[in-house]
Amino acid sequence: MELTEAVLTRRSQQQLTDPAPDDEQFTRLLRTASAAPDHGRLRPWRWVLLRGGQRARLGRALAAAGADDAQARAALKPLRAPLLASIVFVPRQNTKVPRWEQLAATAALVHCLELLLHDHGWGSIWRTGHGLDSPAVHDALRIRPGEQLLGWLYIGTPHPHRSTAPKPVRDVHDTITRLGASIESSAA
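Position 7 of the sequence shown, counting from 1, maps to 6 under numbering that gives the first Met the number 0, and the rest follow consecutively.
Written out as structure tokens, the structure is:
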């Protein structure tokens with residue numbers, strides 16, 4: 000798939016089924032995604048992969064973190080995809096690279112991974128929610144002090160009737176300035 004096509008046709012996939020990439024495939028894609036910008040090559044991230052019954056364990060932790068009326072729904076959320084890749088931000092200390100830059104590098108890596116998954120025929124969606132800061136969820140995923148859970152990539156095979164129409168290209172002129180003037184007004 001050509002890069003522009005991948006960028007324009009990648010969608011967050013709500014419905015994902017088996018199969019999902021196996022550990023070797025995921026590792027290979029992650030290795031490639033690791034070429035994303037990462038100042039200082041700090042790799043300020045780690046991944047916790049959940050499959051099968053491990054997803055139900057996370058569901059129980061999410062249910063424990065939720066309001067009573069939402070517990071049943073929360074427990075089922077991790078079962079929406081055959082693979083959940085937990086994104087854990089691990090900021091490096093004692094480095095000249097500021098925390099925000101390390102967080103940006105982690106987000107760039109995740110986006111590259113989503114594009115690579117799409118390019119290989121997999122679907123994904125980056126989900127967050129109320130459980131990100133829950134002690135029960137942190138315990139289930141073994142999140143360490145100083146780490147931050149950024150959510151989960153739900154990964155699997157997209158529903159066969161998914162949309163692959165290119166995303167509409169948005170006008171961005173009003174977001175660009177040059178020496179205090181917008182591009183549009185400087186062109187006039």
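The C-beta atom is built at its ideal place from N, Cα and C for all residues, glycine as well.
If you're wondering where the values come from, they're calculated on a predicted model, not measured in any experiment.
Identified DSSP bridge partners for residue i
| i | result |
| --- | --- |
| Ala84 | Leu48 and Leu152 |
| Leu15 | Pro157 |
| Gln147 | Phe88 |
Test item: CB-CB of residue i and residue j under 8 Å
| i | j | result |
| --- | --- | --- |
| Ile154 | Pro20 | yes |
| Trp151 | Leu83 | yes |
| Gly58 | Leu28 | no |
| Leu112 | Val47 | no |
| Leu41 | Val96 | yes |
| Val136 | Leu61 | yes |
| Pro157 | Gln12 | yes |
Rounded Cβ spacing between residue i and residue j (contact assumed at less than 8 Å)
| i | j | result |
| --- | --- | --- |
| Gly130 | Ala64 | 5 Å |
| Gly39 | Thr94 | 6 Å |
| Leu115 | Thr8 | Not a contact, Cβ separation roughly 14 Å. |
| Ala55 | Ala107 | Wrong, their Cβ atoms sit about 32 Å apart, outside the cutoff. |
| Gly122 | Leu15 | 5 Å |
| Val89 | Arg126 | Contact doesn't hold; Cβ gap of about 20 Å is too wide. |
Span of the alpha helix (DSSP H) around residue i
| i | result |
| --- | --- |
| Arg126 | Careful: Arg126 lies outside any alpha helix (DSSP H), inside the beta strand (DSSP E) at Gly122 to Arg126. |
| Asp138 | Pro134 to Leu140 |
| Thr94 | No alpha helix (DSSP H) holds Thr94; DSSP gives it neither H nor E. |
| Asp22 | Asp22 to Ala32 |
| Arg72 | Gln70 to Leu75 |
| Ala5 | Leu2 to Thr8 |
Selected residue, minimal CA-CA separation from residue i, among the options
| i | options | result |
| --- | --- | --- |
| Gly128 | Ala5, Ser85, Met0 and Arg27 | Ser85 |
| Ser33 | Arg10, Phe88, Val168 and Val109 | Val109 |
| Pro144 | Asp170, Ile124, Ala103 and Arg91 | Arg91 |
| Ser133 | Trp99, Gln147 and Arg169 | Gln147 |
| Phe25 | Ile142, His117 and His160 | His117 |
| Arg50 | Ala73, Gln101, Asp22 and Gln70 | Asp22 |
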